[in-house]
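Just below is one structure, and these are the notes that go with it.
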Amino acid sequence: MLSDGIMAPSSRSLQVRAQGPGPGTLGGSAQRNPQLPHNHPTPRVVLVASKNPVKVNAVQRALQRCFPSLDLAITGREAPSGVPDQPYGDQETLAGARNRVAALCCTATAAGVSIATAQNSRMPPPTEAIASSLSDPEGLSPGADLLVAIEGGVGNAKAPGQAGALECFAWVCVRDPYTGAESTARTASFALPSALSDLMRDKGMELGDADDAVFRRVRGKQGSGTIGKLSNGVLDRTEYYVQATVCALLPYMQPQLYGTEYARFLGVVEACKEASQIPDANNAFL
């Protein structure tokens with residue numbers, strides 16, 4: 001058991017500690033509000049809905065770049081997606097990311113959070129049936145400040161000249177479990193060569209399995225990924241996920257512009273409310 005009631009990582013968890021110089025501020029001047037319903041501990045606790053080190057490290061890098069002054073404890077946890085192992089299309093892939101976050105969120109009753117908090121989200125919450133089916137017996141460590149899920153998918157390529165090809169992409173979902181504030185972002189997409197797409201279509205393989213077969217390796221999705229092989233290492237799977245994760249974190253970086261429901265992570269709720277009354281809200285934090 002760690003401080004503030006946070007459970008130590010078990011064999012089913014992957015934890016990374018990223019330490020900054022001190023508590024974060026918004027633009028350097030707005031201090032965290034000690035009267036928040038959940039007073040932020042140090043470090044901020046972030047749960048990633050996966051134990052895949054690629055996804056955990058991608059979230060760590062994104063958070064460190066977006067919030068360099070925060071002390072962070074990032075833990076990978078298994079969470080079901082509620083969609084096929086190989087999601088197809090944007091709708092199914094995004095649903096997988098949102099369901100993984102919901103699976104973490106709906107087990108957070110010890111922290112006073114339930115799936116009902118998603119009612120405050122800008123996006124529709126999962127149905128009660130989905131929430132029930134995604135119940136995670138492992139439970140959520142009380143005190144988590146942010147939940148993040150990354151779901152990879154494939155779909156029909158849309159670019160001219162790529163008719164019949166499959167493209168690869170991923171969706172990132174970030175939620176504050178206390179306010180229900182949620183944001184999402186999509187990665188860039190890239191076309192898959194026929195050597196991969198044929199195995200997926202004809203033999204029903206997941207991309208990771210097709211990748212291992214074509215490139216003759218084991219668990220490539222936990223390393224450089226398909227993008228790493230195709231780009232000759234110019235872009236690996238971790239960095240591929242980092243940019244989309246940064247984009248999903250934008251509302252939490254600029255809550256004075258996106259809404260006070262995103263301000264709790266930085267602890268600047270009151271400062272955000274004041275800034276919303278200032279014509280040039282962005283400069284209020286400079």
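Read left to right, the sequence shown gives residues 1 to 286 (UniProt numbering). Even glycine gets a Cβ: it sits at the ideal position worked out from N, Cα and C. Computed from a prediction, not measured in an experiment: that's the story for all the values here.
I'd like the ranges of any beta strand (DSSP E) spanning at least 3 consecutive residues and lying wholly in the stretch 168-203. Counting only runs of 3 or more, we get 182-186.
Between Pro43 and the rest of its own chain, which residues show a CB-CB distance below 6 angstroms, the 5 nearest in sequence each way excluded? Sequence index remark: in the sequence shown, residue 43 carries index 43 (1-based). Here the set comprises Asp71, Leu72 and Ala73.
Using the Cα positions of Leu207 and Glu92, report the straight-line distance between them to the nearest angstrom. Start at 1 with the first residue of the sequence shown, and residue 207 comes out as number 207. Start at 1 with the first residue of the sequence shown, and residue 92 comes out as number 92. Going by the C-alpha atoms only, they are around 15 angstroms apart.
Within 8 angstroms, do at least three Cβ pairs link the stretch 230-249 to the stretch 49-64? Contact between the stretch 49-64 and the stretch 230-249 is present, because at least three Cβ pairs lie under 8 angstroms.
Over what stretch of residues does the beta strand (DSSP E) that includes Val148 continue unbroken? Taking the sequence shown and counting its residues from 1, one reaches residue 148 at position 148. Segment Leu146 to Asn156, the beta strand (DSSP E) holding Val148.
Give the DSSP-derived three-state secondary structure of Thr42 in the structure shown. Against the sequence shown, residue 42 aligns to sequence position 42. Residue state, collapsed to three classes: coil.
If we call anything under 9 angstroms between Cβ atoms a contact, is Cys105 one with Pro177? Against the sequence shown, residue 105 aligns to sequence position 105. Against the sequence shown, residue 177 aligns to sequence position 177. Contact: yes.
Limits of the beta strand (DSSP E) - the one that Thr75 falls within: Locating residue 75 in the sequence shown gives position 75, counting from the first residue. In the DSSP annotation of this structure, the continuous segment of the beta strand (DSSP E) that includes Thr75 starts and ends at Leu72 to Arg77.
Can you round the beta-carbon distance between Ala79 and Ala49 to whole angstroms, since I take them to be within the 8 angstroms contact cut? Counting from one through the sequence shown, the residue named residue 79 turns up at place 79. Counting from one through the sequence shown, the residue named residue 49 turns up at place 49. Yes, they are in contact, since the Cβ atoms of Ala79 and Ala49 sit about 4 angstroms apart, within 8 angstroms.
Does DSSP put Leu47 in a helix, in a strand, or in coil? For this step, residue 47 is matched to residue 47 along the sequence shown. Strand.
Could you tell me the boundaries of the alpha helix (DSSP H) in which Thr226 lies? Start at 1 with the first residue of the sequence shown, and residue 226 comes out as number 226. Gly225 to Leu230 is the extent of the alpha helix (DSSP H) around Thr226.
Under 9 angstroms between the Cβ atoms of Gln86 and Val172? Your numbering for residue 86 matches position 86 in the sequence shown. Your numbering for residue 172 matches position 172 in the sequence shown. In this structure, Gln86 keeps its C-beta atom at 9 angstroms or more from the C-beta atom of Val172.
Pick from Ser189, Ser231, Ala185 and Ala210 that is closest to Lys158, judged by C-alpha positions: Start at 1 with the first residue of the sequence shown, and residue 158 comes out as number 158. Of the residues Ser189, Ser231, Ala185 and Ala210, the one whose Cα lies closest to the Cα of Lys158 is Ser189.
Among Gly228, Ser69, Gly204 and Arg186, which one has its Cα closest to the Cα of Gln243? For this step, residue 243 is matched to residue 243 along the sequence shown. Ranking the options by Cα distance to Gln243, first place goes to Arg186.
Within 10 angstroms of its Cβ, does Arg175 collect 16 or more other Cβ (buried), or is it exposed? Within the sequence shown, residue 175 is the residue found at index 175, counting from 1. When all chains shown are included, Arg175 counts as buried.
Give the DSSP-derived three-state secondary structure of Leu207 in the structure shown. Within the sequence shown, the letter at position 207 stands for residue 207. Note: Leu207 maps to helix in three-state DSSP.
What does a CB cutoff of less than 7 angstroms around Val101 pick up in its chain, not counting 5 residues either side in sequence? Here the question's residue 101 lines up with position 101 in the sequence shown. Around Val101: Ala49, Leu147, Ala149, Cys173 and Arg175.
Following a CB-centred definition, is Asp212 positioned closer than 8 angstroms to any heavy atom of the ligand COA? This structure lacks the ligand COA; in fact it carries no ligand of any kind.
Less than 8 angstroms between the CB atoms is what I'm expecting for Lys203 and Phe215, so what's the real figure, rounded? On the sequence shown, residue 203 is found 203 positions in, with the first residue counted as 1. On the sequence shown, residue 215 is found 215 positions in, with the first residue counted as 1. Between the beta-carbon of Lys203 and that of Phe215 there is about 16 angstroms, and that puts the pair past the 8 angstroms contact cut.
Could you tell me the distance, in whole angstroms, from the CA atom of Gly233 to the CA atom of Ile227? As a position in the sequence shown, residue 233 is number 233, starting the count at 1. As a position in the sequence shown, residue 227 is number 227, starting the count at 1. Within the model, the alpha-carbon separation for Gly233 versus Ile227 is close to 8 angstroms.
Candidates Gly89, Thr245, Ala210 and Ser197: which alpha carbon is nearest Glu182's? As a position in the sequence shown, residue 182 is number 182, starting the count at 1. Comparing C-alpha distances from Glu182 to each of Gly89, Thr245, Ala210 and Ser197 shows the shortest one belongs to Thr245.
Out of curiosity, what's the CA-to-CA distance linking Ala213 and Leu196? One-based indexing of the sequence shown puts residue 213 at position 213. One-based indexing of the sequence shown puts residue 196 at position 196. For Ala213 and Leu196, the distance between alpha carbons rounds to 9 angstroms.
Check whether chain D comes within 9 angstroms of Ala213, counting only Cβ atoms and requiring the distance to be less than that. No chain D is part of this structure, which consists of one protein chain only.
Return the residue from the list Val59, Val218, Ala191 and Met205 that minimises the CA-CA distance to Ala163. As a position in the sequence shown, residue 163 is number 163, starting the count at 1. For the residues Val59, Val218, Ala191 and Met205, the minimum Cα distance to Ala163 belongs to Ala191.
Taking its Cβ as the centre, do 16 or more other Cβ atoms sit within 10 Å of Arg65, making it buried, or is it exposed? One-based indexing of the sequence shown puts residue 65 at position 65. By the 16-neighbour rule on beta-carbons within 10 angstroms, Arg65 is exposed.
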